[in-house]
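Enquirer: The structure follows.
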Amino acid sequence: MNTLFDITPTLPTGFSYKDNFITEAEEIHLVQVIGGLELTSMQFHEYTAKRKVLSFGRGWSFTEQQLKTGNPIPAEFSFLVERIAQHLSIPPETIAQFLITEYPVGSVINWHRDAPPFETIIGISLLSDCSFKLRPQEKEKQTRKATITLTVKPRSMYIMTGASKTDWQHCTTPLNTIRYALTFRTLKYF
Ligand SMILES: O=C(O)CCC(=O)C(=O)O
71 MNTLFDITPT LPTGFSYKDN FITEAEEIHL VQVIGGLELT SMQFHEYTAK RKVLSFGRGW
131 SFTEQQLKTG NPIPAEFSFL VERIAQHLSI PPETIAQFLI TEYPVGSVIN WHRDAPPFET
191 IIGISLLSDC SFKLRPQEKE KQTRKATITL TVKPRSMYIM TGASKTDWQH CTTPLNTIRY
251 ALTFRTLKYF
């Protein structure tokens, strides 16, 4: 569709977005694979979130504020690791963490910055559009005007690194249908 003006928001430095990073057939296959895995409710201190997660590789424990070593990334996701590594021109082994998040209807992830030990965050979305918001980390700069909203489509990929990770917070808004986020992370010191 032609529009009279560019509706793509200006994204923070270090943030990029790409539609159709995976095919519909790959999306269907990944949803089937995830269906066979056991995701558990996200625990953050004394608070239990609606969303469910399953982590592989070097996971960050919010309660203990340290890196943990978990199970290796299952082979069914290797093609994604390879594709991301190729896209970023990095060795696949530098992708040290993989998190599957299931967002049931109405669930969100609240404003936060990603955990300190990670350098580049790669998010792949399945099944549902998501309203992904970014706002400056500095409280004085957190105005409505400074908040950026990006529609993240199913099968798309976003990359968050540099200033977009350190100087910006992000969150998602409630969904009408289930969404999965596949989040891959590289470590600062591998
Ligand atoms: O749903 C998403 O893509 C955001 C995931 C996220 O911010 C996180 O897991 O920390």
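Sequence positions in the sequence shown follow my numbering and run 71 to 260. Glycine included, every Cβ here is placed at the ideal spot set by N, Cα and C.
1) Cα-Cα, which of F168, F132 and G127 is closest to I117?
2) Compute the Euclidean distance between the alpha carbons of L220 and P79, then round it to the nearest angstrom.
3) Starting from the Cα of P224, find the closest Cα among S195, Y173, L204 and W238 and give me that residue.
4) So, are the CB atoms of F254 and I154 less than 8 Å apart?
5) Exposed or buried, what is E172 when buried is set at 16 or more other beta-carbons lying within 10 Å of its beta-carbon?
6) Ligand 1 and I104: does any heavy atom of the ligand fall closer than 7 Å to the residue's C-beta?
7) Just to confirm, are V151 and I165 a CB contact at a threshold of 8 Å?
8) Looking at the secondary structure, which residues open and close the beta strand (DSSP E) in which H240 lies?
9) What would DSSP say about E97, mapped onto helix, strand or coil?
10) Any heavy atom of ligand 1 inside 7 Å of the beta-carbon of L169?
11) In three-state DSSP terms, what is R255?
12) For a quick check, are the C-beta atoms of G127 and I104 less than 8 Å apart?
13) Go to S148, then tell me how far its alpha helix (DSSP H) extends in each direction, as first and last residue.
14) Using a 10 Å radius around the Cβ and a threshold of 16 neighbouring Cβ atoms, would you call E163 buried or exposed?
15) Does DSSP put G105 in a helix, in a strand, or in coil?
16) Let me know the secondary structure DSSP gives T139 once reduced to three states.
17) Taking the alpha-carbon positions, what's the R183 to I98 distance?
18) What three-state label does DSSP hand K215 in the structure shown?
19) May I have the straight-line CA-CA distance separating I192 from A216, to the nearest angstrom?
20) With 16 other CB atoms within 10 Å as the buried threshold, where does R214 fall?
Expert: Looking at the coordinates:
1) Before going further, note that residue 117 is Tyr rather than Ile in the sequence given. The residue with the shortest Cα to Cα distance from Y117 is F132.
2) 7 Å
3) Taking only the C-alpha atoms, the option nearest P224 is S195.
4) Result yes, Cβ atoms of F254 and I154 sit closer than 8 Å.
5) buried
6) no
7) In this structure, V151 lies near I165, with their beta-carbon atoms less than 8 Å apart.
8) W238 to T242
9) helix
10) yes
11) Three-state DSSP puts R255 in a strand.
12) Taking 8 Å as the Cβ cut-off, G127 and I104 do not qualify as a contacting pair.
13) Run containing S148: S148 to L158, per the alpha helix (DSSP H) assignment.
14) By the Cβ neighbour-count rule, E163 is exposed, with fewer than 16 other Cβ atoms within 10 Å of its own.
15) helix
16) strand
17) 30 Å
18) Judged by DSSP in its simplified three-state form, K215 adopts coil rather than helix or strand.
19) 23 Å
20) exposed
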